[in-house]
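Asker: Going by my numbering, the first residue of the sequence shown is number 2, and it counts up by one from there.
No residue lacks a Cβ here, since even glycine has one placed at the ideal position from N, Cα and C.
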Amino acid sequence: MPRHRSFLPHAVVAIAALLALHPLATEAQKPAPTPLFFGTSWYPEQWPASRWDTDLQLMQDAHMNVIRVGEFAWSTMEPAEGRFDFTWLDRAIALAAKHHIAVVLGTPTAAPPAWLTSKYPDTLRVDEDGRYAEHGNRQHFSFASPRYRIFAHRIALRMAQHYGHNPNVIGWQIDNELAAPSFDASAKQQFHAWLHHKYGTIAELNRRWATAYWSQTYDTFAEIPVHAKGENPALLLDWKRFVTDTWVSYLQNQIDAIRPNAAAHQFITTNSMHWFNGYDHYIVHKNLDIAAWDDYVPDGHLDPDLNAAQHDLVRGYKQKNFWLMETQPGFVNWGPINATLPPGVTREMAWQAIAHGADAVLYWQWRSSLNGQEQYHGSILGADGTPLPIYAEIQQIGADFERTAAALAGTTIKAPVAILQSYDSHWAIDFQKHSQKFDYVASILDLYRALHPIAQSIDILSPDAPLDPYKVVFAPALNVLPRPTADHLLDYVRNGGNLVLGPRSGMKDADNALQPNRQPGPLASALGGYVEQFYALDKPVPLTGNWGTGTAALWAEQLAATSPQTKVLMTYGKSNGWIDNQPAAITHAYGKGSITYIGATLDPKLMQSMAASLLAEHGIAPAIPGLPEGVEASTRASAETHRAVVILLNHTASSQHIELPRSFENILATHILSASTIDLPPHGVAVLMEPHAQ
Ligand code: GLA
Ligand code: GLA
């Protein structure tokens, strides 16, 4: 591929279109093929400027076309209060441009400088037990501190005024892995104000929180304790929502600094952490242009379904393609045993990201810092500045991406099924697990593992997302079910959708209070049935019915039918006495669709036959059938051109022979041949297109 063709103007136009930041774009401005972005985090502030050109040349040699810089460089950008120095960054960005490497700028607010936190200790984060964070680590700021917001706004503003129209800056990452809330005095006061605003009167809060329980009745909002555990479930849920809203305003403070000063083609994102549930990612992503996340496999053993689900989760934050902002070159430094990914798996993971809708893959990090807390982390160059063994594999990925970028431009995932993921439900179950073994994320993953080989593409979405495109929607453990969400689900079913609820669904209302009617609460009448009683299990109980015979290990709900049209799909065998021979899964037609309730945690085999049966019933079949176990297929298609690209991933350590349903060309291969069989080497990848589609 010609390396020295200037891709940047194309990149700029294409990414703007990709992000829909140009709603008025005319036909003439239609995007040129979008490149796949490929690159690394880079910390020029840690190295002499005389070294930078060598770094950038080595990146260019690895076919990299993007770097992320700046996200921890506050003390270099503003070495003393109000004294800004961007000269070094100007040089680094200009030099990157010479190497055809675009830049994502990180605002440095995850690491405030020592002058700031020393002079203004009220900007420091306070943990739940009242301890102040100290300098010397990162994330030591309070997300709620009004004074911190002023400094954060100012550094973001100065950066945006300086780089908002730099043609080589294509986007912004605000902060870095938003995580820990603060329990400082200001945060507590803001929580009280937030509650006041939400409930209006303390009497209304007392009513909805049922505070007569244990004499919790409050006379003023200021009396309300501020805790993230051990409190009234209503308080705990509201604390999470307050934390979410505080992160929203924390981000908005910087968006307000950047957006008015930034060219339309510059996107704004932040890098998040898959299942991390410190806040509601659907809400936090509303005002961001794209989602981005950091994908790490600390033990070095890729779990392909888990990783696939994580990509789908992040794609669901904004229901569009995303960036993989960080991933490991080989290994990390923060797990119990930081084993490395085997050869080929770094590439397999890069391609799995693309297969699930990533438009960029960036490594963390380029070169080991000489000092600092992460000396042992995997990197692409060693501390000596020369390529480590992983460099060649990374170079190959860069070449792969160059070869396939045009074909993948403008493509995304279209899934036939969705799994609903609710932060409210995740939190509510974590507050009161009832069985320590019950894990909300596992309830999603167990289902995902069964659905994935059949559906091949799955969307993971907020329960409030539009659901019409999906023939079947699964809602495992949708514990908190506010009335508006229930109405939204009923509309979906009435219009022909098929909703499958899992155990623990529909138990709580929006205040985390028990619903006034039995589970699934507002869906019970449409279901033609309800949950008679729930049971945490300490040993597996037998199950039998339409999906075969197996067990439930963690949770069993005794179901009851209220309509003669309700069909019993599964029944418990002899178990704890209460549920012997009682219904475990029921289904009922409603409107043009159906509601199914599964009250038991199905074992993997039963889960598979449930998935096979329900997906077949609704006409969902694999796009690429008959794949050997451990081989994943994912289709990215363009709604406009109908071009479809199939990505095949061999997640096993042995070669796999694949019979394709028709003839394809592997556009990743150097010699492109059309064939209907393909042999994938261990951890191998193929990128397939129909011959006429090119
Ligand atoms: C104790 C308390 C009760 C109740 C029960 C629950 O006995 O006195 O108020 O909390 O535990 O098991
Ligand atoms: C996170 C951070 C990075 C780095 C990596 C190491 O993702 O965002 O700064 O610390 O972890 O794995």
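Considering only the alpha carbon of each residue, which of Q457, A204, P470 lies closest to V632?
Answerer: Start at 1 with the first residue of the sequence shown, and residue 632 comes out as number 631. Among Q457, A204, P470, the Cα nearest to that of V632 is on Q457.
Asker: Out of E641, V346, P521, which has the shortest C-alpha to C-alpha gap to V686?
Answerer: Looking up residue 686 in the sequence shown gives position 685. When each option's Cα is compared against that of V686, the closest is V346.
Asker: With a threshold of 16 other CB atoms inside 10 Å of the CB of K99, please say whether the residue is buried or exposed.
Answerer: As a working note, residue 99 is residue 98 in the sequence shown. Label assigned to K99: exposed.
Asker: Is it true that the CB of H275 sits closer than 8 Å to the CB of W248?
Answerer: On the sequence shown, residue 248 is found 247 positions in, with the first residue counted as 1. On the sequence shown, residue 275 is found 274 positions in, with the first residue counted as 1. Not in contact: W248 and H275 (Cβ atoms no closer than 8 Å).
Asker: Going straight from the alpha carbon of G165 to that of P682, what length do you get?
Answerer: By one-based count along the sequence shown, residue 165 stands at place 164. By one-based count along the sequence shown, residue 682 stands at place 681. If I take the Cα positions, the gap works out to 45 Å.
Asker: Taking all protein chains shown into account, decide if H453 is buried (16 or more other Cβ within 10 angstroms of its Cβ) or exposed.
Answerer: Taking the first residue of the sequence shown as 1, we reach residue 453 at position 452. Classification of H453: buried, given that the 10 Å Cβ count is 16 or more.
Asker: Just the C-alpha distance for P477 and I596, rounded to the nearest angstrom, thanks.
Answerer: In the sequence shown, residue 477 corresponds to position 476, counting from 1. In the sequence shown, residue 596 corresponds to position 595, counting from 1. Near 13 Å, if we compare the C-alpha coordinates of I596 and P477.
Asker: Assuming the contact rule is C-beta atoms closer than 8 Å, P299 and N339 should be a hit. Round their C-beta distance to whole Å, please.
Answerer: Sequence index remark: in the sequence shown, residue 299 carries index 298 (1-based). Sequence index remark: in the sequence shown, residue 339 carries index 338 (1-based). Between N339 and P299 the Cβ distance is about 6 Å, and since that is below 8 Å, they are a contact.
Asker: What does a CB cutoff of less than 7 Å around N254 pick up in its chain, not counting 5 residues either side in sequence?
Answerer: Translated into the one-based positions of the sequence shown, residue 254 becomes position 253. Here the set comprises R150, A153, H154.
Asker: Apart from the five residues just before and just after F475, which ones in its own chain have a Cβ nearer than 6 Å to its Cβ?
Answerer: Residue numbering aside, residue 475 sits at position 474 when the sequence shown is read from its first letter. So the list reads I420, L448, V501, once near-sequence residues are dropped.
Asker: Note down, in chain order, each residue of its chain lying with its Cβ closer than 8 Å to the Cβ of T572, except the 5 sequence neighbours on either side.
Answerer: For the purposes of this step, residue 572 is identified with residue 571 of the sequence shown, where counting begins at 1. If we look at T572 and ignore the five residues flanking it on each side, its Cβ neighbours are L544, T545, G546, N582, Q583, P584, A585.
Asker: When every heavy atom of ligand 2 is checked, does at least one fall within less than 7 Å of the C-beta of H378?
Answerer: Translated into the one-based positions of the sequence shown, residue 378 becomes position 377. Because some heavy atom of ligand 2 lies under 7 Å away, the Cβ of H378 counts as near it: yes.
Asker: Hey, K487 and P523 are a contact pair by Cβ (cut 8 Å); roughly how many whole angstroms apart?
Answerer: For the purposes of this step, residue 487 is identified with residue 486 of the sequence shown, where counting begins at 1. For the purposes of this step, residue 523 is identified with residue 522 of the sequence shown, where counting begins at 1. Note on identity: in this sequence residue 487 is Ala, with Lys being the wrong assignment. 4 Å between Cβ atoms; contact.
Asker: Measure the C-alpha to C-alpha separation of S635 and K120 and round it to an integer number of angstroms.
Answerer: Position 634 of the sequence shown holds residue 635. Position 119 of the sequence shown holds residue 120. Each residue's alpha carbon lies about 53 Å from the other.
Asker: Please report how far the alpha carbon of Q366 lies from the alpha carbon of R316, in whole angstroms.
Answerer: Locating residue 366 in the sequence shown gives position 365, where the first residue counts as 1. Locating residue 316 in the sequence shown gives position 315, where the first residue counts as 1. Their backbone Cα atoms lie some 23 Å apart in a straight line.
Asker: Tell me, to the nearest whole angstrom, how far the beta carbon of V105 is from that of G172; I am working on the premise that it is less than 8 Å.
Answerer: Locating residue 105 in the sequence shown gives position 104, where the first residue counts as 1. Locating residue 172 in the sequence shown gives position 171, where the first residue counts as 1. Going by Cβ atoms, the distance from V105 to G172 rounds to 5 Å, so yes, they are a contact pair.
Asker: Going by beta-carbon coordinates alone, are T270 and W324 separated by less than 8 Å?
Answerer: As a working mapping, residue 270 is identified with position 269 in the sequence shown. As a working mapping, residue 324 is identified with position 323 in the sequence shown. Taking 8 Å as the Cβ cut-off, T270 and W324 qualify as a contacting pair.
Asker: Put I135 into one of helix, strand or coil per three-state DSSP.
Answerer: Translated into positions along the sequence shown, residue 135 becomes position 134. Residue identity check: residue 135 is Glu in the sequence provided, not Ile. Coil at E135, not helix or strand.
Asker: So, is E618 buried or exposed, given that buried needs 16 or more other C-beta atoms within 10 angstroms?
Answerer: Taking the first residue of the sequence shown as position 1, residue 618 is located at position 617. So E618 counts as exposed.
Asker: Is it right to say S656 is buried, meaning 16 or more other beta carbons lie within 10 angstroms of its own, or is it exposed?
Answerer: Counting from 1 along the sequence shown, the entry for residue 656 is found at position 655. Burial call: exposed.
Asker: Assign A356 to one of two classes, buried (16 or more other C-beta atoms within 10 Å of its C-beta) or exposed (fewer than that).
Answerer: Counting from one through the sequence shown, the residue named residue 356 turns up at place 355. It is buried - the Cβ of A356 has at least 16 other Cβ atoms within 10 Å.
Asker: Out of D91, S436, V418, which one is the CA nearest neighbour of A451?
Answerer: Here residue 451 corresponds to residue number 450 of the sequence shown, with the count starting at 1. Among D91, S436, V418, the Cα nearest to that of A451 belongs to V418.
Asker: Would you check if there are 3 or more beta carbon pairs closer than 8 Å linking the region 123 to 138 to the region 184 to 204?
Answerer: Output reads yes: the region 184 to 204 touches the region 123 to 138.
Asker: Is the beta carbon of I94 sitting closer than 8 Å to the one on M65?
Answerer: Counting from 1 along the sequence shown, the entry for residue 94 is found at position 93. Counting from 1 along the sequence shown, the entry for residue 65 is found at position 64. Contact: no.
Asker: Taking the beta carbon of K241 as the centre, do at least 16 other beta carbons fall within 10 Å, making it buried, or is it exposed?
Answerer: The residue you call residue 241 lines up with position 240 of the sequence shown. So K241 counts as buried.
Asker: Any idea if R368 is buried or exposed, counting beta-carbon neighbours within 10 angstroms, 16 or more meaning buried?
Answerer: In the sequence shown, the residue the question calls residue 368 occupies position 367. R368 is buried by the Cβ-count criterion.
Asker: Give the range of the beta strand (DSSP E) segment to which T636 is assigned.
Answerer: Here residue 636 refers to the residue found at position 635 of the sequence shown. Counting along the chain, the beta strand (DSSP E) containing T636 begins and ends at 632 to 638.
Asker: For the region 358 to 428, which segments carrying the beta strand (DSSP E) assignment without a break, of at least 3 residues, lie completely within its bounds, in sequence order?
Answerer: If we require 3 residues or more, the beta strand (DSSP E) runs fully inside the region 358 to 428 come out as 359 to 364, 418 to 421.
Asker: Out of P504, S436, K593, Q422, point me to the one whose CA is closest to F277's CA.
Answerer: Stepping through the sequence shown from its first residue, residue 277 is reached at position 276. Residue Q422 is the option with its Cα nearest to F277.
Asker: In whole angstroms, what separates the C-alpha of D192 from that of A235?
Answerer: Locating residue 192 in the sequence shown gives position 191, where the first residue counts as 1. Locating residue 235 in the sequence shown gives position 234, where the first residue counts as 1. According to the sequence as given, residue 192 is Phe; it is not Asp. Rounded to the nearest angstrom, the two C-alpha atoms are 14 Å apart.
Asker: Which ranges does the alpha helix (DSSP H) cover as unbroken runs of at least 4 residues, wholly within the region 294 to 330, from first to last along the chain?
Answerer: As far as the region 294 to 330 is concerned, its whole alpha helix (DSSP H) runs of at least 4 residues are 305 to 319.
Asker: Within the chosen definition, does the region 368 to 384 reach the region 604 to 612 through at least 3 CB pairs nearer than 8 Å?
Answerer: With the cut-off at 8 Å, the region 368 to 384 and the region 604 to 612 do not touch.
Asker: Can you give the beta carbon distance from N233 to Y219, rounded, assuming they're within the 8 Å contact cut?
Answerer: Residue 233 sits at position 232 when you count from the first residue of the sequence shown. Residue 219 sits at position 218 when you count from the first residue of the sequence shown. Contact doesn't hold; Cβ gap of about 10 Å is too wide.
Asker: Determine the contact status of I668 and V647, defining contact as a CB-CB distance below 8 Å.
Answerer: Taking the sequence shown and counting its residues from 1, one reaches residue 668 at position 667. Taking the sequence shown and counting its residues from 1, one reaches residue 647 at position 646. Not closer than 8 Å, so no.
Asker: Among T221, Q174, A180, which has the Cα closest to the Cα of H197?
Answerer: Your numbering for residue 197 matches position 196 in the sequence shown. The option with the nearest alpha carbon to H197 is T221.
Asker: G83 and G107 look like a contact to me (Cβ under 8 Å); what is the Cβ gap, rounded to whole Å?
Answerer: Position 82 of the sequence shown, counting from 1, holds the residue named residue 83. Position 106 of the sequence shown, counting from 1, holds the residue named residue 107. Not confirmed; about 21 Å, so no contact.
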